[in-house]
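Numbering follows full-length UniProt numbering, in which position 31 of the sequence shown is assigned residue number 31; successive positions increment by one, without gaps.
Think of the CB as a built atom: it goes at the ideal place given N, C-alpha and C, for glycine as much as any other residue.
Scroll down for the structure; my scribbles are underneath it.
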Amino acid sequence: MELRQLRYFVTAVEMGSISKAAEACRVAQPSLSQQISALEHELGVQVLERSSRGVRPTPEGEKVLEHARKMLLEGETLQAELSGMGKEIRGSLRMGVIPTVAPYLIGELLLELKQNYPGLDLELVEDRTQVLIERLSKGDIECAVVSDIRVKDAKTWSVRVDELYHEPLVAALPAKHVLARRRAKPKPEEINAGELIYLKEGHCLLDQTLKVCRVKAPDQRIKCDQLETALAMVDSGAGIAVVPQRAAERYHFPNVVVRPFAEPQPTRMIGLMRRRSGGLSPLAEVIARCLQRIVGAG
């Protein structure tokens, strides 16, 4: 069994097509088909169900798929570690990051790189989650720090997110608001949907706000592009915002009261997004390990 065969199989499943998988792997279609057939022969099971509509894994193939992805990731990790042994890591990497994470996480990352990996140049692309997903799928960036993404987007664009940590979501309230003046922690259902300040479509925090407050559709009247702008609007008394705790700690407005929600406290997942097929490059592996150390220390 070869890693190449596993990579061809995984790509065929994710693409749903032998021809598209061959194009993605940059090999001839007959060659890719032969390698997958060789894998089936070696394992003694059929891993792909072929039809006029494409291919999909058999029940046995689902089990092989699970292990194949782990083996490919481990192989890429080993390559990354070996490539860094005995020599200084050098090169450049373009990485995406969502605006609601960039202000308080990226500074620590850049400091870590400067101290431990001075030969690694990091180019940051700060944008909304949806834009980063599209740029990742096109190869404009290799990875991105994002929050929860929609399941349908992960499937459509063939991306995955490896979890880094979870952070609480809190309520940013005008100081004179009734929920800010009382002792009891606010409950999401106590927030009037018409009071909410939202980030615009494409921001993951918009989806998270809707989910936390159980709102089906956002009020179109109060929307903005930046988290700092949303907090400034809360400061002026325009409404309430659901924000990440670390972001709330970073920005200070005199007329904003930050309150944790009542249990169960809502959280959001922050992770490193990458293309589903294949693993990270050695440089991206360095970034991933740095991020894990930073959030682990925090």
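| Query | Result |
| --- | --- |
| Enumerate, from N- to C-terminal direction, the unbroken beta strand (DSSP E) stretches of 3 or more residues contained entirely within the stretch 15 to 52. | 48 to 51 |
| Does DSSP classify residue 352 as helix, strand or coil? | Because the chain spans 1 through 298 in this model, residue 352 falls outside it and cannot be assessed. |
| Spatial neighbours of Y117 within its chain, please: C-beta separation below 7 Å, excluding the five flanking residues on both sides. | I89 and V286 |
| Looking only at its chain, what residues have a beta carbon closer than 8 Å to the beta carbon of K187, apart from the 5 residues adjacent to it on each side? | F261 and A262 |
| Just confirm the distance between the C-beta atoms of L196 and C213, as a whole number of angstroms; I'd bet it's less than 8 Å. | 6 Å |
| For a test of the three-state rule: what should DSSP assign to A172, helix, strand or coil? | strand |
| Could you give the C-beta distance for T100 and L227, rounded to a whole number, given that I count them as a contact under 8 Å? | 5 Å |
| Excluding sequence positions up to five away, which residues of its chain have a Cβ less than 7 Å from the Cβ of A248? | V170, A172 and V258 |
| Taking the straight line between their C-alpha atoms, what separation do you get for L122 and G44? | 45 Å |
| Do you know whose CA, among V234, V64 and E76, lies nearest M1's CA? | V64 |
| Is M273 helix, strand or coil by DSSP? | strand |
| By how many angstroms is the C-alpha of V146 removed from the C-alpha of H67? | 26 Å |
| For S92, does the three-state DSSP call read helix, strand or coil? | strand |
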